[in-house]
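Numbering (my numbering), first residue to last: 50 to 142.
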């Protein structure tokens, strides 16, 4: 076996591993972290929380169900949203 002919493949393999590692830390890892944070937010919703939906609707959570929430968007106006439609909690202004 001639090791001299195998040496050009090693830099290519190292480069592939470096590119894969960069891709992991720049794209995949932050995406998984963001998904995990959103899942925790949705699982910990409680009545009284002020949220913003993915559609930009502001409201107060009135009831939490297994797959949906009831959101009060104005006095006496309640709408039902899928829990996945919650974007984030409202910041205190």
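C-beta: ideal position from N, C-alpha, C; glycine also.
{"Query": "Pair within 8 Å by beta-carbon distance, residue 121 and residue 108", "Result": "yes"}
{"Query": "Where residue 76 sits in the DSSP three-state scheme", "Result": "helix"}
{"Query": "Residues bridged to residue 67 (per DSSP)", "Result": "DSSP lists no partner for residue 67."}
{"Query": "Cβ neighbour criterion (16 or more within 10 Å) applied to residue 130", "Result": "buried"}
{"Query": "Residue 101: first and last residue of the uninterrupted beta strand (DSSP E) it sits in", "Result": "99-102"}
{"Query": "Residues near residue 74 by beta carbon distance below 8 Å, same chain, minus five either side", "Result": "none"}
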